[in-house]
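Right, one structure below, let's go through it.
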Amino acid sequence: GENVEQHPSTLSVQEGDSAVIKCTYSDSASNYFPWYKQELGKRPQLIIDIRSNVGEKKDQRIAVTLNKTAKHFSLHITETQPEDSAVYFCAAFMDTGRRALTFGSGTRLQVQP
Amino acid sequence: DTEVTQTPKHLVMGMTNKKSLKCEQHMGHRAMYWYKQKAKKPPELMFVYSYEKLSINESVPSRFSPECPNSSLLNLHLHALQPEDSALYLCASSQVGQGANTIYFGEGSWLTVV
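Residue numbers (my numbering), protein chains in the order written: chain C, 1 to 113; chain L, 1 to 114.
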């Protein structure tokens, strides 16, 4: 089955710096890659996603890149703010076969004011 | 409306109790999911329903029994649980079909087994 690895497990940055979180996946059939932000005691919230026919997607301070050949995708947050502090999960999904999200292990991002 | 509604938000139950978690969506989604999330861990898939039929059971113990009465509702029946089953239980839904992948999560039900 699909396996998603996520690094780093913790990331501490100064306010205003950029943060990058990286994920790799194992199954080339995966074709949808969402990123979720989860604050303490809350549900995972979708912040950005990318489909396999696209290499990069941006939404204000957040961007995601996908390299299908290398089977890795990354989340980039620029101009970080204290409210960006949370746990971030990457995930992989495939349209056919096992139609369910497989999550990475999570990254705890702390933005220091 | 992109809401997935879960009830109850919090549940405390004894090991001999029978209780149910409920999930509802009105987005016309035909895939519904149960995930379990322990503290500081990612959500872990339990069950998937597609067109009201169980399509994935991730070898979940039989003390958890899912039910999909119709395309909008998903239940998780709980019986004879153990303290280690205490967790956040997340329901999610999505469309079915190529390119229809966005998955929406409910707020979750916090379960404590005593």
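The beta-carbon is built from N, C-alpha and C at its ideal position, and this holds for glycine as well.
Keep in mind it's a predicted model, so treat the numbers as computed, not measured.
Opening and closing residue of the beta strand (DSSP E) in which residue i lies
i: M94 (chain C); result: Neither: M94 (chain C) is in no beta strand (DSSP E) and is coded neither H nor E.
i: L78 (chain L); result: L73 to H79
i: Q25 (chain L); result: K18 to Q25
i: A87 (chain L); result: A87 to S94
i: F12 (chain C); result: Per the sequence presented here, residue 12 (chain C) reads as Ser, with Phe not at that position. Element bounds for S12 (chain C): T10 to Q14.
i: Y70 (chain C); result: Residue identity check: residue 70 (chain C) is Ala in the sequence provided, not Tyr. Here A70 (chain C) belongs to no beta strand (DSSP E), and DSSP marks it neither H nor E.
i: T107 (chain C); result: T107 to Q112
i: V12 (chain L); result: H10 to M13
i: A29 (chain C); result: Segment: none, A29 (chain C) is in no beta strand (DSSP E) and carries neither H nor E.
i: T5 (chain L); result: V4 to T7
Classification of residue i by the beta-carbon crowding that lies within 10 angstroms, buried from 16 upward
i: L97 (chain L); result: The amino acid at residue 97 (chain L) is misidentified as Leu; the sequence shows Gly. When all chains shown are included, G97 (chain L) counts as exposed.
i: D59 (chain C); result: exposed
i: H7 (chain C); result: exposed
i: S109 (chain L); result: buried
i: S18 (chain C); result: exposed
8 Å Cβ cutoff, residue i in contact with chain D
i: T5 (chain L); result: Structure shown: chain D not included; protein chains present are C and L.
Residue i: CB within 7 Å of a non-hydrogen atom of the ligand HEM
i: R30 (chain L); result: Judged by which ligands are present, the structure shown has none, so any question about the ligand HEM falls away.
Residues within the stretch 23-43 of chain C neighbouring chain L, beta-carbon criterion of under 9 Å: N31, Y32, P34, Y36, Q38, G41, K42 and R43
With a cut-off of 8 Å, do at least 3 Cβ pairs link the stretch 60-73 of chain L to the stretch 90-105 of chain C? no
Check distances from the C-beta atoms of the stretch 24-43 of chain L to those of chain C and list, in chain order, the residues that come in under 7 Å. A31, Y33, P42 and P43
Cβ pair count under 8 Å reaching 3, the stretch 100-109 of chain C against the stretch 83-90 of chain C: yes
For the stretch 89-109 of chain L, list every residue whose C-beta sits within 9 Å of some C-beta in chain C, in sequence order. L90, A92, S94, V96, G97, Q98, G99, A100, N101, T102, I103, Y104, F105, G106, E107 and G108
Evaluate the contact criterion for the stretch 73-93 of chain L versus the stretch 10-19 of chain L: three or more CB pairs, one atom per stretch, below 8 Å. yes
The stretch 63-77 of chain C: positions lying closer than 9 Å to chain L by Cβ: none
Below 9 Å between beta carbons is the criterion; list the residues of the stretch 39-72 of chain L that meet it against any residue of chain C, in chain order. K40, K41, P42, P43, E44, L45, V48, S50, S55, I56 and E58
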